[in-house]
Amino acid sequence: MSEMIKRSLAEHRRALDGGEYTSVELTRAYLDEIDRREGVVGAYLTLNAEAALKSATEADARISKGVARGALDGIPYALKDNFCTKGLRTTCASKMLEHFIPPYDASVVTRLNDAGAILLGKLNMDEFAMGSATETSALGVTRNPIDPDRVPGGSSGGSAAAVAAYEAAFSLGSDTGGSVRQPAAFCGVLGMKPTYGAISRYGMIAMASSLDCVGLVTHTADDCGAVLSCLMGVDERDTTTVAHPDPSFKSMKKDAPLRIAVVRELLEDEAVSLEVRNSTEEAIGLLRECGFEIGEVSLPSPDAALAAYCVISAAEAASNLARYDGIRFGHCAATEKELLSLYAKGRSEGFGSEVKRRILFGTYMMTEDKRVLYYDRALEARARIRERMLQILKQYDMILTPTTPTSAFRTGGSLTPMQRRRADLCAIYASLSGLPALSVPFGHDKDGLPLAIQLIGAHFCEGLLLQTAKLFEEVR
Ligand code: GLN
């Protein structure tokens, strides 16, 4: 393996600007690594090699003239396959969109293009971002680069595996209920879900709109900050976007002792393994040694949070996925002559079983008599959770939890759907509250698999999370 692909984004910047290597050489090095490792890892669904080398040549021309476009110019990255890329297949890992070539770029893709970043290709995921192991993908198998008998996590399993395997310098995923943080934790890399509304989702294929966020996978906190700064901001095409009050993270507080809240329910839940518990306690001890003030808080029960997430995400997904009717969007059962059977057959053939389960469940939750009973109550539970989280974040700077209850599980559908749901336990509080959350690698289990802690901050406090993550990097 070429050593250059192990470098941070800032090191790439210095090497590219200083002429140590070119963007074409760097892009080739990542493509070589993809070539070498994909047989086992399987992170990519579509490669963009030729276009990537062409963009790299253009980046080199800018760099040699001294007019590089900033931190990311000439640096290769990859995208989860639910971001629309003009002229490049975008599948959501579903038969439904297997041959879909978008006519436009997602806003984040436009921003990265404008910044000169080099798109290497599109990454595997759970079908329509529903899952926790990338095993619901209809188009391929992705394995954990640390141990191929383990899943990479999901739904952004390809995004985490690609970065962990040095098959891209950074990647984007989507995080609705942990889909970037959990795979990042399983693969030993950093995973960020920013504040809801901080990054435009225009062109990111929707799962559950009130929860969906663009997420980032990187090796270091500084890398994460550099990519975040490039992506954040108002986009008139996504009306949920807002201007970030601190886009360069300059006003991070540094000196005052920071206060961290530890959530007992999430450490003591029966789903949380002893190793995860011990490792989280170790992280807490470390922060205490570094002068952080640690307190204990209580959150509304995990069962309520899981139920609220499950109902809301399925209801919204059922509504979002109604557009795949085989006429406007998606796989068409063209042999059918009747309209209703054309819908029914196309959707039966196009969607996999996890997606169907959620569409049925979500639709049922929204029928007239069930809506009040389930959906409205889920919204109430969500409001209570959000209120409590915000209250805690008035007294504390951050909330600390494990990212996942266990390390990466074995491949081959080793968990039941209910167990998989419970695996989202720690991730969903931040999702339901729209808060920024960062998964930071910390420690390993007895099999050498990575473990991670999660830091949750108040809205727009990404800078504080990154600052704290750096502390863990220094210790590592
Ligand atoms: N594992 C969660 C689910 O299946 C997360 C999904 C997501 O964040 N896209 O719902």
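Converting from the sequence shown to this note's numbering requires adding 26 to each position, the first position being numbered 1.
The beta carbon of each residue, even a glycine, is placed where N, CA and C say it ideally should be.
Distance between beta carbons of Ala210 and Ser465, contact taken as under 8 Å: 5 Å
Could you check what DSSP says for Leu475 in three-state terms: helix, strand or coil? coil
State the start and end residues of the unbroken beta strand (DSSP E) segment that holds Met27. Careful: Met27 lies outside any beta strand (DSSP E) and carries neither H nor E.
Determine the direct distance from the alpha carbon of Gly180 to that of Gly12, and round the result to whole angstroms. Residue 12 lies beyond the range of the chain shown here (27 to 502); nothing can be said about it.
Between Met230 and the ligand GLN, is the CB less than 7 Å from at least one heavy atom? It does not: the Cβ of Met230 is nowhere closer than 7 Å to a heavy atom of the ligand GLN.
Rounded C-alpha distance that separates Asp99 from Ala77: 15 Å
Of the listed residues Ile338, Ala370, Gly483, nearest to Ile353 (C-alpha basis): Ala370
Taking the straight line between their C-alpha atoms, what separation do you get for Thr72 and Glu124? Rounded to the nearest angstrom, the two C-alpha atoms are 11 Å apart.
Does the region 135-151 come close enough to the region 394-406 to have 3 or more Cβ pairs within less than 8 Å? Counting Cβ pairs under 8 Å, fewer than three are found: no touch.
If Pro102 sits next to Thr53, beta carbons under 8 Å apart, how far is it from one beta carbon to the other, in whole angstroms? 5 Å
Which of the three DSSP states is assigned to Thr265 in this structure? If DSSP states are grouped into helix, strand and coil, Thr265 belongs with coil.
Assuming Arg285 is part of the beta strand (DSSP E), what are its boundary residues? 285-289
Near Leu57, which residues of its chain fall below 6 Å by C-beta distance, leaving aside the five closest residues on each side in sequence? Ala75
Is Thr427 near the ligand GLN, going by C-beta to nearest heavy atom under 7 Å? No, the Cβ of Thr427 stays beyond 7 Å of every heavy atom of the ligand GLN.
Throw me the rounded Cβ distance for the Ser200 and Glu153 pair, which I believe falls under 8 Å. With a Cβ gap of about 13 Å, Ser200 and Glu153 do not count as contacting.
Say yes only if the C-beta of Met391 is nearer than 7 Å to one or more non-hydrogen atoms of the ligand GLN, and no if none qualify. No.
Looking only at its own chain, which residues have a Cβ that is under 7 Å from the Cβ of Ala69, when we skip the five neighbours before and after it? The beta carbon of Ala69 is closer than 7 Å to those of Leu149, Asn150, Thr168, Gly184, Ala187, Ala188, Ala191, Glu193 in its chain, skipping five residues each way along the sequence.
For Ala195, tell me which candidate among Ala104, Tyr222, Glu161 has the shortest Cα-Cα distance. Ala104
Three-way DSSP call (helix, strand, coil) for Leu165 in this model: Here Leu165 carries a coil assignment [DSSP, helix/strand/coil].
Label Gln480 either buried or exposed according to how many other C-beta atoms from any shown protein chain fall within 10 Å of its C-beta, with 16 as the threshold for buried. buried
Within a Cβ cutoff of 7 Å, which residues of the same chain sit near Ala232, ignoring the five residues on either side of it in sequence? Asp238, Asn346
What are the boundary residues of the alpha helix (DSSP H) that includes Glu413? 402-421
Give me, in chain order, the residues of the same chain whose beta-carbon lies closer than 8 Å to that of Leu416; leave out the 5 immediate sequence neighbours on both sides. Ser459, Ala484
For a minimum of 4 consecutive residues, which ranges assigned as the alpha helix (DSSP H) are wholly contained in the region 327-374? Within the region 327-374, the complete alpha helix (DSSP H) runs of at least 4 residues are 328-346.
Apart from the five residues just before and just after Phe126, which ones in its own chain have a Cβ nearer than 6 Å to its Cβ? Thr116
Could you say which of Ala463, Met218, Lys276 lies nearest to His245 if we only look at CA atoms? Met218
Using a Cβ-based criterion (distance less than 7 Å to any ligand heavy atom), does Thr432 qualify as near the ligand GLN? Result no, Cβ not under 7 Å from the ligand GLN.
Any idea if Gly203 is buried or exposed, counting beta-carbon neighbours within 10 angstroms, 16 or more meaning buried? buried
Pairs of beta-carbons, one from the region 361-369 and one from the region 253-267, closer than 8 Å: are there three or more? no
Assuming contact is defined by CB atoms lying nearer than 8 Å, are Pro285 and Gly321 in contact in what I supplied? Reading the sequence as shown, one finds Arg at residue 285 and not Pro. Yes.
Any non-hydrogen atom of the ligand GLN closer than 7 Å to Ala456 Cβ: No, the beta carbon of Ala456 sits no closer than 7 Å to any heavy atom of the ligand GLN.
Closest to Cys250 by CA distance: which of Ala159, Arg227, Leu198, Gln208 is it? For the residues Ala159, Arg227, Leu198, Gln208, the minimum Cα distance to Cys250 belongs to Leu198.
Which residues bound the beta strand (DSSP E) around Gly147? Residues 144-149.
Identify which residue in Ile454, Ala94, Pro128 has its Cα closest to the Cα of Asp140. Ala94
Distance cutoff 8 Å, beta carbons only. Does Ala330 sit that close to anything in chain B? The structure shown has no chain B; it contains just one protein chain.
List the endpoints of the continuous alpha helix (DSSP H) containing His38. 35-43
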